[in-house]
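Read the structure below first, then the notes.
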Amino acid sequence: MVKQADLEIDETHEFSREDLVSKIKLCESRRIDLDVLDEIYSEVGIYAAHRWLSLQAEAKVCSDKLAKKLDKKIDILLKNHIFFDNKLVMVYDQLTTDDVELFTEGMIELFGNNTAFDDSSYIANGCYEVSDSIVLYNFKIYREIQERKELTAKDLGEKALEVLDKYNRIVGYSPISVDCFDAVIIDGLNKRLILQLDLGSIVLANAVDKFFHDFRTALNDAFVKVGVKNCRIPEKTEFVNLYGSIQNYYDNPEGEVTDASFSTSKNNHREYIKEEARDIRKADYHSNGKLAEERFGGKIRPYRISKRFERILNTWPQVYVGVHHRYFANDKSGFKSLYQAHIFDIKSREDYDFIIEKILANR
């Protein structure tokens, strides 16, 4: 097992400009915000235009000393992003001590057998001991995703003037193929299993259940193939139901609600922070409407919500992490369930642990 405590970088690895440029390209393909890379470049002392190509160009010509500093910082950024950030997560919190041992033994069998995923789209990519009690099992898949994009005149070509004269915005979906790193996390201390999909921000809502199902099926089929009998990823309905979190996030004053879709007695609304507002619940445009709704006995009932939490108080720069829940009614029985949460702005394992606790505390 590879020891990755706090995702420290191996100081003995051989530096290469080609590898550095490849890492910058990987940051772009993983949709890491360009502002994050700009900040890293500034910290190192490299100044480049706000464009991905400019970042690559500067990495090729800067001094060896600066390039090596840049390489280490981007390495840390990428490892944290691949392990923890921009994930769709499902949490199973009913493991026993025996279960933890069985999963540990089962994963050793999977990673020790080169044929375990021969009939699957997944590759057993690596296992990492990220703390004394938490092990992350990483599985790579080349996944096709429908990416949403607002089309420009350039995209529309000759028909641009005709189309844009009729519509203010044109949105399209284009298929893209991306290397994704889905994972299983076993938390022995808290007796939890976390199943997570990579790059949650570009997974369309109607594909979430399918991708989780495919991942779970691939893992369980691999366990069968290598002869592991007492280790299976649970059914979706056995994971923590997070439906109640949506209303709880709205009602709980802790943190800042940055985006919410909700129903009232009259219709549905979507609101997000604008101008100087940091929490829509405290903004005049929301609180006035809420008062009017409550005056007639109504209530704000969110069905989609994004919330930001401050992990380290009274410090600068402040450390924020975010979580997003979205609910779609697709159960004809009327039972309301939500098993996934999208987590983002996760910059470290400590951020990850913090937001998982917030998710469970607000269920």
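Under this note's numbering, the first residue of the sequence shown is numbered 1096, with each subsequent residue one higher. The beta carbon of each residue, even a glycine, is placed where N, CA and C say it ideally should be. Here the structure is a predicted model, which means the values were calculated and not measured.
For residue i and residue j, what's the separation of their Cα atoms in angstroms?
i: T1247; j: V1258; result: 11 Å
i: N1233; j: I1203; result: 12 Å
i: A1278; j: R1390; result: 47 Å
i: C1275; j: N1220; result: 11 Å
i: L1172; j: L1256; result: 42 Å
i: L1121; j: I1297; result: 16 Å
i: F1404; j: V1418; result: 8 Å
i: A1378; j: G1322; result: 58 Å
i: I1438; j: V1416; result: 8 Å
i: L1132; j: L1165; result: 10 Å
i: V1184; j: I1119; result: 26 Å
i: D1374; j: D1170; result: 33 Å
i: E1200; j: F1449; result: 27 Å
i: S1272; j: A1436; result: 23 Å
i: D1130; j: H1145; result: 8 Å
i: N1457; j: G1252; result: 48 Å
i: I1368; j: S1356; result: 12 Å
i: N1383; j: S1226; result: 47 Å
If we count the other Cβ atoms within 10 Å of its Cβ and call it buried at 16 or more, is residue i buried or exposed?
i: K1182; result: buried
i: S1117; result: exposed
i: A1100; result: Model confidence at A1100 stands at a pLDDT of 30, short of 50, so the residue's coordinates are unreliable; what they give is reported in the following sentence. With fewer than 16 other Cβ atoms within 10 Å, it is exposed.
i: E1103; result: In this prediction, E1103 has a pLDDT of 43, which is less than 50 and means its spatial position is unreliable; what the coordinates show is noted afterwards. When all chains shown are included, E1103 counts as exposed.
i: R1264; result: exposed
i: G1392; result: exposed
i: T1332; result: exposed
i: R1287; result: buried
i: L1386; result: exposed
i: I1454; result: buried
i: V1266; result: exposed
i: E1153; result: buried
i: D1282; result: buried
i: L1337; result: buried
i: R1406; result: buried
i: D1213; result: exposed
Spatial neighbours of residue i within its chain, please: C-beta separation below 6 Å, excluding the five flanking residues on both sides.
i: I1135; result: K1168
i: Y1217; result: F1234, I1236, A1313
i: F1307; result: none
i: N1325; result: L1197
i: E1123; result: W1147
i: I1280; result: L1231, I1289
i: E1351; result: R1373, D1374, R1403
i: D1128; result: none
i: Y1262; result: none
i: I1229; result: D1282
i: E1388; result: T1359
i: R1311; result: I1328
Can we count residue i as close to the ligand NAD, meaning its CB is less than 7 Å from some heavy atom?
i: V1321; result: As for the ligand NAD, it is missing from this structure, which has no ligand bound.
By the DSSP assignment, the beta strand (DSSP E) with residue i in it spans what residues?
i: I1119; result: From DSSP, I1119 is part of no beta strand (DSSP E) but of the alpha helix (DSSP H) over 1112–1124.
i: N1181; result: Looking at the DSSP string, N1181 is not in any beta strand (DSSP E), and its letter there is neither H nor E.
i: K1235; result: 1229–1245
i: E1366; result: 1363–1367
i: G1050; result: Any question about residue 1050 goes unanswered here, given that the chain covers just 1096 to 1458.
i: G1267; result: 1266–1282
i: F1439; result: 1436–1439
Between which two residues does the alpha helix (DSSP H) containing residue i stretch?
i: R1287; result: Not the alpha helix (DSSP H): R1287 falls in the beta strand (DSSP E), residues 1287–1292.
i: S1215; result: First-last for S1215: undefined, no H or E at that position.
i: F1306; result: 1300–1320
i: K1155; result: 1147–1156
i: F1206; result: 1192–1206
i: R1248; result: Note on identity: in this sequence residue 1248 is Ala, with Arg being the wrong assignment. Start and end: 1248–1251.
i: R1399; result: Not the alpha helix (DSSP H): R1399 falls in the beta strand (DSSP E), residues 1396–1407.
Given 8 Å, three or more beta-carbon pairs between the region 1178–1196 and the region 1443–1451: Yes: at least three Cβ pairs fall under 8 Å.
Contact the region 1180–1191 vs the region 1230–1242: 3+ CB pairs below 8 Å: These segments do not touch.
Three CB pairs or more closer than 8 Å across the region 1153–1164 and the region 1111–1131: Short answer: they touch.
Three-pair Cβ contact test at 8 Å for the region 1382–1400 versus the region 1337–1346: Three or more Cβ pairs drawn from the region 1382–1400 and the region 1337–1346 lie within less than 8 Å of each other, which places the two stretches in contact.
Stretch-stretch touch, CB-based, cutoff 8 Å, three pairs: the region 1309–1328 with the region 1205–1219: At 8 Å Cβ cutoff, the stretches touch.
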